[in-house]
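Only one structure is covered here, and it is reproduced in the block below.
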Ligand code: SF4
Ligand code: SF4
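Residue numbers (the numbering used here), protein chains in the order written: chain A, 835 to 1194; chain B, 19 to 334.
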């Protein structure tokens, strides 16, 4: 396709431009890609959708024809726009977000101090309709311990559709064993082994089962979490629409820390109860528990000016300013005012917060 | 109570069920991968009484027949190779009667009949009746007729009259290639007489529209594939590298009326309609699939059709 000067253009409605402080991003929500564009192009899309290219050029007194042609060549190449005689028949996509389950995802931490039964916790989570569970071991474990956990989910035909394991290396977690486990249990979406001697990524076994990561990162406890990285961006309609309103990490999440405390996130200090004595379902329905769900990117300092804000993850446990719930995630190295990425830990301005969280 | 008939792994049914649970609805789901006991279809001059899979139909409010059908043949009988096709026909016959009886008593959406009796020609006639434009169509067994049709049109295509072929042969699998363009070279290789074959004029398209409908509610999605030769004939010949753009679209008011009229004439309560918007701006009806996929329409357009269906099923 080429630019059609005779017809008005419309934006493909599931490719959504998001304006940042210094540049914008087009979030291609069905191809799961992000394309960065200048804010000038954002403004053209915003102000002139539904017009012909010639009319747009005229509205800038034909002073910028070459640039406008370049912009439209790009839009055409990426298939972000459509030239049509009937622009009125291509509405904006409804950005509604709905979710039938009160809780969609959970984190369960297990350390040498844990004294609860993970199988019972999983059954409870299943009861409340949870779909994804991440189980993190901060002590050694083995296949014989993990197998019954997943096997139970099969037996009860659980609503939990995916399990991610994060475990420390141990001799039993050689490739053959892990692959076998993944082949046996399609519910396992990923298996990450830290403290390993190598760094290796093994793509989805059989193309449709979980993937495996061996990493030489040393993990001691929950302080590993909360890193913001483009590789974790999730460019799809569900995340985008959810992020418009809700927190991109904690919305509809419940966490059970290694002592059995029921929290929004294992790294946060506030505990709302303990699974040994309290009713999880009651706790998660309380407005108090759900308060942090409403901290969306538009209300977070710096993030609100970032072009990645509706595809980015978030972190409310480790903040640049630990005293301010609306502060930017500590472990983000991106500056939307200069468009530069730097390793977050190198930034001296973050030392105070690192000291606060005992990360120095 | 709501009754759902489906398959165990059907994503759409699972999602509707998640909504039914969220709304606290009572429902029963029967999947077609297990035997369902047919307790009785009991007829007398004074009554007609049905009980299937432990369900008493008088408790039912609505039925959603999403996919598949009930399975009244106990497992061992399904494995008797020679007898099975016969028993299957017997089973089909009673399935149809039960569906008709329930349809008369309840709000019954979806249909096993309509799915297995998906006659493309009947649908084309209904579309024509509803004043929708349809492609010139010929079904023939004669090469002479085929050549005449070919010479009359700028391009012609062919597709299955009812089902695509799916055969497992000793030396591999045989699948129908869906819709494809018929060329002079192909015709040259053909015999004077052949099996009944459906041929249609090829419509140059601007884009395609897939309309999922549930009762009177239409969910149209535009499939923009016209710039890509790989998908230029039929979007179902999927283009893997660069997926098509699938986006929400509106139907002009008058076309919407005609589509609703078609749905009424065809007596379908749900399904998917394929329409081409031609280069000239005409809306050309291609076909309807009575148990159409709605997942990708719902997800690409953010329509939440599954939620709407659940709400429909529990509404009074
Ligand atoms: S809030 Fe931060 S630490 Fe907690 S789960 Fe989310 S990313 Fe991890
Ligand atoms: S500033 Fe960092 S954390 Fe905030 S939205 Fe941008 S990339 Fe994400």
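Every residue, glycine too, gets a C-beta built ideally from N, C-alpha and C.
Spatially closest choice to residue i from the options, by CA coordinates
i                      : options                           : result
residue 920 (chain A)  : A:876, A:859, A:843 and A:837     : A:843
residue 1149 (chain A) : A:1120, A:1119, A:1156 and A:1060 : A:1060
residue 297 (chain B)  : B:303, B:82 and B:221             : B:221
residue 852 (chain A)  : A:1108, A:1139 and A:899          : A:1139
residue 1092 (chain A) : A:1084, A:846 and A:1103          : A:1103
residue 928 (chain A)  : B:216, B:320, B:299 and B:33      : B:320
residue 1210 (chain A) : A:1132, A:1116 and A:1052         : Absent from the model: residue 1210 (chain A). The displayed extent of chain A is 835 to 1194, so no value can be given.
residue 988 (chain A)  : A:1056, A:943 and A:1019          : A:1019
residue 21 (chain B)   : B:28, B:46, B:29 and B:158        : B:46
residue 313 (chain B)  : B:304, B:302, B:327 and B:306     : B:327
residue 1165 (chain A) : A:1134, A:981 and A:1063          : A:1063
residue 1007 (chain A) : A:1028, A:1153 and A:1122         : A:1028
residue 1004 (chain A) : A:995, A:1030, A:883 and A:1016   : A:1030
residue 54 (chain B)   : B:61, B:43 and B:70               : B:70
residue 901 (chain A)  : A:874, A:962 and A:915            : A:874
residue 197 (chain B)  : B:292, B:186, B:126 and B:191     : B:292
residue 868 (chain A)  : A:1144, A:1151 and A:1174         : A:1144
residue 1098 (chain A) : A:1012, A:939, A:1167 and A:1015  : A:939
residue 1167 (chain A) : A:1136, A:972, A:1052 and A:1072  : A:1136
Any C-beta of chain B under 7 Å from that of residue i
i                      : result
residue 975 (chain A)  : no
residue 872 (chain A)  : no
residue 923 (chain A)  : yes
residue 1071 (chain A) : yes
residue 958 (chain A)  : no
residue 928 (chain A)  : yes
residue 913 (chain A)  : yes
residue 842 (chain A)  : no
Residue-level contact to chain A via CB, residue i, 7 Å cutoff
i                     : result
residue 60 (chain B)  : no
residue 274 (chain B) : no
residue 314 (chain B) : no
residue 267 (chain B) : yes
Residue i: contacting residues in chain A (beta-carbon distance under 9 Å)
i                     : result
residue 261 (chain B) : 864 and 865
residue 325 (chain B) : 932 and 934
Environment of residue i [buried if 16+ CB atoms lie within 10 Å]
i                      : result
residue 218 (chain B)  : buried
residue 323 (chain B)  : buried
residue 862 (chain A)  : buried
residue 256 (chain B)  : Note on residue 256 (chain B): pLDDT 49, under 50, position unreliable in the model; the coordinate value appears next. Exposed, since its Cβ has fewer than 16 Cβ neighbours within 10 Å.
residue 207 (chain B)  : exposed
residue 204 (chain B)  : exposed
residue 1180 (chain A) : exposed
residue 239 (chain B)  : buried
residue 390 (chain B)  : Since the first and last residues shown for chain B are 19 and 334, residue 390 (chain B) lies out of range.
residue 1185 (chain A) : exposed
residue 1162 (chain A) : buried
residue 818 (chain A)  : The shown model of chain A, from 835 to 1194, leaves out residue 818 (chain A), and the question about it has no answer.
residue 26 (chain B)   : exposed
residue 840 (chain A)  : exposed
residue 103 (chain B)  : exposed
residue 108 (chain B)  : exposed
residue 836 (chain A)  : exposed
residue 92 (chain B)   : exposed
Beta-carbon neighbours of residue i, restricted to chain B and to distances below 9 Å
i                     : result
residue 848 (chain A) : 263, 264, 265, 266, 318, 319 and 320
residue 963 (chain A) : 36, 39 and 40
Partners in chain C for residue i, counting only beta-carbon separations shorter than 7 Å
i                     : result
residue 331 (chain B) : Given the protein chain composition of this structure (A and B), no chain C is represented.
Cross-chain neighbours of residue i in chain A, by beta carbon under 7 Å
i                     : result
residue 242 (chain B) : 916
Beta-carbon neighbours of residue i, restricted to chain B and to distances below 8 Å
i                      : result
residue 1075 (chain A) : 320
Notebook entry, point to check: Any contact of the segment 141 to 154 of chain B with the segment 269 to 277 of chain B, i.e. 3+ C-beta pairs under 8 Å?
Noted result: yes
Check: Between the segment 125 to 144 of chain B and the segment 25 to 40 of chain B, do at least 3 Cβ pairs fall closer than 8 Å?
Finding: no
Next item on the list: Assess, as a yes-or-no matter, whether the segment 1172 to 1190 of chain A is touched by the segment 65 to 74 of chain B under the definition of 3 or more beta carbon pairs within less than 8 Å.
Entry: no
Check: Within the chosen definition, does the segment 108 to 118 of chain B reach the segment 171 to 188 of chain B through at least 3 CB pairs nearer than 8 Å?
Finding: no
Next item on the list: Would you be able to state if there are at least three C-beta pairs under 8 Å between the segment 1067 to 1081 of chain A and the segment 924 to 944 of chain A?
Entry: yes
Check: Is there contact here, the segment 78 to 89 of chain B with the segment 122 to 133 of chain B, by at least three beta-carbon pairs under 8 Å?
Finding: yes
Note to self: Under 8 Å: do the segment 1112 to 1130 of chain A and the segment 1014 to 1034 of chain A share three or more Cβ pairs, one atom per stretch?
What the structure shows: no
Item checked: Cβ pair count under 8 Å reaching 3, the segment 908 to 919 of chain A against the segment 941 to 948 of chain A -> no
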